[in-house]
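Protein chains in written order, with this note's numbering: chain G, 95 to 361; chain P, 7 to 508.
Below is one structure; the comments refer to it alone.
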Amino acid sequence: MKKRFMKNRRLFIGAVITGIMVLLAVAGVFFTPYDPNAMDTSAKLAGISLKHLMGCDNFGRDILSRILSGLGTTMLVALGTVFIGVFFGTIIGAFTGYYGGIPDEVLMRFNDAVLAFPSLLLALVFISVMGAGKLNVTIALGILFIPSYARIMRGEFLRCKNLDYVRSARLMGASDIRIMFVHILPNTVQVMLSTIAIGFNNAVLAEAGMSYLGIGVQPPDSSLGRMLSEAQSYLFIRPGYAVCTGTAIVLLILGFAMLSEGLEKNA
Amino acid sequence: MRKRIVFTLSVLLTLTIALSGCSGRKAGDSSRIVVGIPQDLEDSLDPHKAAAAGTREVLFNVFEGLLKPDVNGDLIPAVAKEYTVSDDGLTYSFILRDGIKFHDGNPVTAQDVKYSIEKSAGMTGDASLIAAFSNIDKVNAVSDSQVDIVLKERDVDFPAYLASVSAAIIPMANATPDTTPIGTGPYKYVSRSPQENVIMERFDDYWGEKANIKDVEFKIEVGDAMIMDLKGGSVDMSARLSVTQVKQLGDEFDILEGSMNLVQALYLNNKVKPFDDVRVRQALCYATDTQEILDLAFDGHGAPIGSSVFPAFGKYFIPELADKYPRDVNKAKELLKEAGYADGFDMTITVPSNYIPHVDTAQVLVEQLKEAGIRATINQVEWNTWLSDVYAGRSYESTVIGVDASSMTAEALLGRFYSKADNNFANYSNAEYDRLYEESRITFDDARRTELYKDMEMILADDAANVYIQDMAEFVALNKKFEGYEFYPLYVLDIAKLKVKE
C-alpha cells in the first residue's frame with residue numbers, strides 16, 4: 095500500500111511541476127510583463143525589484159519576460175523534436191518489426207550506425223549544412239531521435255505480432271496496415287509514453303545545449319539555453335540571472351522526469 | 007593505522023600552508039613583469055612565418071624591420087638609419103645603422119638584410135605574409151652598409167610594409183629561426199614553454215632607448231582565468247580585456263582604455279536587393295542609434311565613426327562624419343517609402359558566433375531597425391563559415407564585423423572598397439571612388455594623397471556604403487606598481503616603455 099503511494103506521489107509531483115511549467119509557457123505566449131526583446135538603457139543589469147521580479151539582463155531586458163517566452167520556445171522545440179522522432183520512429187519500427195526479413199536487417203543496421211554517432215556532433219553537422227535557427231534545430235534533433243524510437247517500437251511490434259489477438263485479427267482477414275496501427279499500436283502506448291517523457295527531457299537539454307553553443311535559437315529570441323550562455327559572463331556581477339534561468343531548466347526536466355518515472359512504475 | 011593517516015594529513019596540511027606563502031613573487035623584485043596573453047605562440051617564432059596577430063604583438067618586442075612604427079603610427083628608422091627613394095619611385099636605398107647588433111652579439115650586415123627581406127618576401131621558397139612584397143623585383147647589398155630594394159611597380163606605401171614584424175631583420179647565420187629567434191629589438195628571447203609562457207630579457211646592447219624592466223614573462227591564460235590571475239597577483243598586466251572583465255577587477259589596477267583600431271560596422275552587400283539602393287542604405291543609417299548601441303552593448307565605451315577610417319589614423323580621420331546620420335526614424339521611413347519599401351522589408355544579419363560584441367551589437371540593431379519597420383533576423387555562423395561564405399564568398403545580406411588595418415596605411419582600410427579589389431566583400435562599386443583610389447595609388451605628394459583619401463571617406467559616408475558604428479574600446483589592466491603603457495594604432499604590446507613606479 096505504502097509502495098503504491100510512493101509511486102503515485104512521484105507521478106503527482108511530476109504532474110504538478112510539469113503542469114505549472116506548461117501553464118507558464120502558454121501564459122508567456124499571450125502575456126509577459128514586458129516585451130521580452132525590448133531593451134532599456136536605464137535598466138542594464140538591474141537587480142531584483144518589484145518592477146523586474148527577476149532583474150534585467152545586460153541589455154536591460156526583463157529576465158522574467160524572457161524566461162516566460164524562452165520556456166515556450168524551448169518546449170516547442172522539444173515537442174517538435176519528440177513528435178518527429180516518435181512519428182517516423184513508430185512507422186519504421188512498425189514495418190521492420192512486423193515484417194522482419196532483409197529490409198528489417200538493413201534498416202536496423204543503418205539505425206545502429208546513426209546511434210553510434212554522438213548525437214550533438216551529428217546535430218552540428220546538420221546545422222552547418224541547413225543553417226541555424228529554431229526550425230532547423232527541431233528538424234535536426236528530430237531526425238536524431240528517430241533511431242532510438244524506431245528501435246523501441248520495433249521491439250514492441252516484434253513482441254506483439256505473434257500474440258493471440260493479432261493472430262485472430264489476421265484470421266478475420268484484417269489487412270497488415272490495420273493490424274499494425276489499429277490492433278498493435280494501442281498496446282504499445284505504455285512504453286511509448288514513458289519513452290516520450292524521457293525523450294522530451296533529452297530534447298530540452300539538447301536544445302539548451304545547441305543554443306548555448308550559439309547554433310540553436312537565434313538572438314534576440316530567447317530560449318533557456320541561450321539565456322544561460324548569456325548569463326555566464328555576468329555570473330559574478332548578477333548571479334541571479336544564471337540562477338533563475340538554470341532553475342527554470344531544472345524544474346522543467348525534473349517535472350518530466352518524475353512524471354515519466356511515475357508512469358513507468360504505475361504500469 | 008588511523009594515527010598514521012592523521013599524521014600524514016597534518017604534515018600535508020602544514021606543508022600546504024607553508025608552501026602557499028611561496029607561490030607569490032617576492033616583494034621588491036621590481037624589474038620583472040608578468041604579462042598575461044590570451045593565446046600561445048603556436049604558429050611560429052620565426053617573424054616571417056608568424057601569421058597570428060596575437061603572436062606578432064609579442065614578437066614585436068624581439069624584432070624590428072628596417073623601419074618601425076612609433077606610438078603615433080608614424081614610421082621611424084630602426085635597423086636602417088635613413089633611406090632614399092629614386093626619382094622613378096622604384097628603388098629604395100637603405101643605409102644601415104652604425105654598430106647595430108643582433109641579440110647574439112653579431113653585427114647586422116647588409117647580407118643579413120638582403121637575406122631577411124628575400125625570405126620575408128617569399129623569394130627563398132617560404133610563403134610571404136605580406137602580399138605587397140610580391141612587388142619586390144630584387145634586393146641588392148650594395149655595400150657593407152647599404153641595401154637597395156628594387157620594385158617592379160611604384161608603391162607609395164612600401165615603407166609601411168617594411169615596418170611590419172613580418173618583415174623583420176634576422177641573422178642569416180641562425181639556422182633555426184623557428185625555435186631560437188634572434189632579432190634586434192629591445193628584448194631578447196630566452197625560452198618558451200608551450201601553453202605556459204614565453205620568457206624574455208632586456209637586450210642591453212639595444213641601439214635605441216633601452217627597456218626599463220629587465221625580465222618579462224608572457225604568461226598564457228585563457229578566458230576569465232586571466233581575471234583570476236590578475237586578482238591573485240600572478241599576472242601584472244593584461245591587454246584586450248572586455249568591459250565585463252575589467253569590472254571584476256579591484257583597486258590595485260590601473261585600467262587604461264584604448265581602442266581596438268578597427269572599423270565596426272553593419273557591412274552591407276551593396277549588390278544585393280534592397281541594399282543596392284542608396285536610399286535604403288541611408289534609411290538604415292538613420293534608423294540606427296550608435297550611442298544607444300554603445301550604451302547597451304559596450305557600457306558606453308567606444309568611439310563612434312562615420313566612415314571606413316578609425317580615429318588612430320589622425321591624418322585621415324574625419325570626426326564629423328560620425329554625426330552624419332543622426333537617429334531619425336521618420337526620415338528613415340520616408341526614404342524607405344521613396345525607395346518603394348513603404349512596408350519595410352526583411353533582412354538577415356550574419357554574425358560570427360565567437361565574437362560576442364558583434365552578436366550583441368546585432369541584437370541592438372535588430373531592435374532599432376524594428377522601429378523603422380525593417381524586420382531583421384540574426385543568423386549566427388561559425389567563424390570559418392563566416393570567412394568562407396561572407397568574406398570570401400560574398401553570399402550574405404549584411405554582417406556585423408570589425409575590419410582592421412594590416413599596416414599603417416589608409417590604403418589598408420580604403421582599398422577594399424575599390425570595385426576591383428579582391429577583399430571588397432561589401433561589393434561596393436562607385437566610379438568616382440575608383441577614380442580617386444587609382445589616383446591615390448600614383449600620387450606621391452602627401453598633402454594631395456591625404457586629400458584624396460579624405461574625399462574617398464566622404465564618398466563612403468555620402469553613399470552610406472555601410473552602417474558605420476564605432477571603433478571598439480579595449481581595456482588594459484596594469485598593476486599600479488607599473489606605469490608607462492602606451493597604445494599603438496596597431497596590434498602590438500610594447501613592453502619596452504613600461505617602467506616601475508617610483
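Positions of the beta carbon are idealized from the N, C-alpha and C atoms, including for glycine.
*Quick one: residues in its chain with C-beta nearer than 7 Å to the C-beta of P:Pro165, no 5 flanking neighbours on either side, listed in chain order?*
Taken in chain order, the residues that qualify are Leu73 and Leu81.
*Report, in whole angstroms, the separation of the C-beta atoms of P:Met266 and P:Asp477, which I expect to be a contact under 8 Å.*
7 Å
_Extract the residue ranges of the beta strand (DSSP E) inside the region 160-211 of chain P, only unbroken runs of 3 or more that lie entirely within it._
193-199 and 203-208
*asked:* Please state the DSSP three-state secondary structure of G:Asp198.
replied: helix
*Can you list, in chain order, the residues of the region 125-147 of chain G whose Cβ is nearer than 9 Å to any Cβ on chain P?*
Those would be Asn131, Ala132, Met133, Asp134, Thr135 and Lys138, in chain order.
*Consider the Cβ of P:Ser394: report whether some Cβ of chain G lies at a distance smaller than 7 Å.*
For P:Ser394, the answer is no, since every Cβ of chain G falls outside 7 Å of its Cβ.
*Mind pulling the chain G residues with CB within less than 9 Å of P:Gln254?*
Phe330 and Ile331
*Just checking, does the region 182-201 of chain P make contact with the region 48-57 of chain P on the three C-beta pairs under 8 Å criterion?*
yes
_Beta-carbon spacing of P:Ala271, P:Asn472 below 7 Å_ = yes
*Which residue's Cα is closest to the Cα of G:Thr190: G:Gly225, G:Phe177, G:Phe239 and G:Lys255?*
G:Lys255
*Looking at the unbroken alpha helix (DSSP H) that takes in G:Arg160, where does it start and where does it end?*
Ile157 to Tyr193
*Residues from the region 214-226 of chain G in contact with chain P, defined by Cβ distance under 8 Å*: Ser222, Gly225 and Ala226
*For G:Ala109, collect the residues of the same chain with a Cβ closer than 7 Å to its Cβ; drop the 5 residues on either side in sequence, then sort them by chain order.*
Leu353
*Does P:Asp295 have its Cβ less than 7 Å from a Cβ in chain G?*
Judged by the 7 Å Cβ criterion, P:Asp295 is not in contact with chain G.
*asked:* Which same chain residues end up closer than 8 Å to P:Ala432 when comparing Cβ atoms and leaving out the 5 residues on each side of it in sequence?
replied: Tyr273, Leu274, Asn275, Asn276, Arg422, Phe423, Ala471 and Asn472
_Touching by the beta-carbon criterion (3+ pairs, under 8 Å), the region 177-186 of chain G and the region 238-247 of chain G_ = yes
*Taking 7 Å as the CB-CB limit, is G:Ser327 close to chain P?*
yes
_Just to confirm my understanding: we take P:Asp512, look at its own chain, exclude 5 residues before and 5 after, and list those with CB closer than 8 Å. What are they?_
The first residue shown for chain P is 7 and the last is 508, placing residue 512 of chain P beyond what the model contains.
_Buried versus exposed call for G:Gln326 [16 or more other C-beta atoms within 10 Å across all chains shown]_ = exposed
*Excluding the five sequence neighbours on either side, which residues of its own chain have a C-beta within less than 6 Å of the C-beta of G:Ser305, listed in chain order?*
Val311, Ser317, Gly319 and Arg320
*Output the distance between the C-alpha atoms of P:Phe493 and P:Leu484, rounded to the nearest integer angstrom.*
13 Å
*Contact with chain G by P:Leu25, beta-carbon distance below 7 Å*: Since pLDDT at P:Leu25 reaches only 46, below the 50 mark, its modelled position is unreliable, and the value read off the structure follows with that caveat. No - not a single Cβ of chain G is within 7 Å of the one on P:Leu25.
*Report the option in P:Pro325, P:Asp305 and P:Glu377 whose CA atom is closest to the CA atom of P:Val333.*
It is worth fixing the name first, because residue 333 of chain P is Arg in this sequence and not Val. Here the closest residue by C-alpha is P:Glu377.
*Tell me, please, which residues DSSP counts as bridged to G:Cys150.*
G:Asp156
*Could you give the DSSP three-state label for G:Ala140: helix, strand or coil?*
G:Ala140 falls in the coil class under three-state DSSP.
*My understanding is that G:Met133 touches P:Glu373, with C-beta atoms under 8 Å, so please give their C-beta distance in whole angstroms.*
Taking a contact as a CB-CB distance under 8 Å, the pair G:Met133 and P:Glu373 counts as one, their CB atoms being some 5 Å apart.
_Does the contact criterion of 3 or more C-beta pairs under 8 Å hold for the region 356-370 of chain P versus the region 404-423 of chain P?_
yes
*Just to confirm, does G:Ile309 get its C-beta within under 6 Å of one of the non-hydrogen atoms of the ligand FMN?*
Among the components modelled here there is no ligand, and therefore nothing to report on the ligand FMN.
*Give the residues of chain P in contact with G:Gly308, contact being defined as C-beta atoms less than 7 Å apart.*
Ser359 and Gln386
*Would G:Thr112 be called buried (16 or more neighbouring beta carbons within 10 Å of its own) or exposed?*
buried
*asked:* Rounded to whole angstroms, what is the Cα-Cα separation between G:Tyr362 and G:Asp206?
replied: Outside the shown range of chain G (95 to 361) lies residue 362 of chain G, about which nothing can therefore be said.
*Name, going along the chain, the residues of the region 148-176 of chain G whose beta-carbon falls closer than 9 Å to a beta-carbon of chain P.*
Asn152, Phe153 and Gly154
*Own chain, CB closer than 7 Å to P:Ala57, minus 5 neighbours either side, in chain order*: Correct list, in chain order: Asp49 and Leu135.
*Leaving out five residues on either side along the sequence, give the residues of the same chain with a beta carbon under 6 Å from the beta carbon of G:Phe294.*
Only Ala172, Val176 and Phe350 meet the Cβ criterion.
_Proximity winner among P:Met232, P:Asn429, P:Phe224 and P:Asp242, relative to P:Pro200 (alpha-carbon distances)_ = P:Phe224
*Check the Cβ-Cβ distances between P:Glu373 and every residue of chain G, and say whether any is below 7 Å.*
yes
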